[in-house]
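Here's the structure we're looking at; comments come further down.
Residue numbers (UniProt numbering): 1 to 157.
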């Protein structure tokens with residue numbers, strides 16, 4: 001993982017506050033040249049600081065208003081194959097590997113309860129998946145964010 005200096009952290013702060021800002025605006029804000037900003041952005045991208053450039057969309061607007069988390073228990077020896085098969089389930093919008101009694105946690109988006117039931121059944125039908133447990137998401141109370149962590153990192157540099 002790269003070591004981030006104060007300028008990198010200021011750049012990340014600006015991007016966290018306005019992800020759609022331009023390189024020119026970033027250069028003005030940080031009082032650096034456009035070329036310096038572009039070089040730093042390229043380095044941050046190459047070292048894996050930026051995880052994705054994919055836009056986030058409302059699953060509700062797409063016709064999938066029901067959100068749920070499915071805890072998945074698997075045979076550990078088959079984990080890579082199971083993950084590959086789960087990646088082919090379009091209703092799974094995100095998944096994490098966990099430690100403890102749950103092996104994987106998948107966030108799914110579905111049209112309704114029947115669709116959720118069918119999605120869970122598809123997951124259970126994957127060879128090596130031993131059990132699932134579904135929890136309905138009642139609402140997002142804290143969205144994904146990193147601004148606070150950037151602030152903590154800035155204090156340490």
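Cβ atoms here follow ideal geometry from the backbone N, Cα and C, with glycine treated the same way.
- Apart from sequence neighbours up to five positions away, no residue of its chain approaches residue 88 with a beta-carbon distance below 6 Å.
- Residue 70 and residue 29 have their C-alpha atoms roughly 43 Å apart.
- Residue 64 places its beta carbon 7 Å or farther from that of residue 114.
- Taking every protein chain shown into account, the CB of residue 120 has 16 or more other CB atoms within 10 angstroms, so this residue is buried.
- With contacts defined as CB atoms closer than 7 Å, residue 126 and residue 85 qualify as a contacting pair.
- A Cβ-Cβ contact shorter than 7 Å links residue 131 with residue 73.
- DSSP, read as helix, strand or coil, puts residue 69 in strand.
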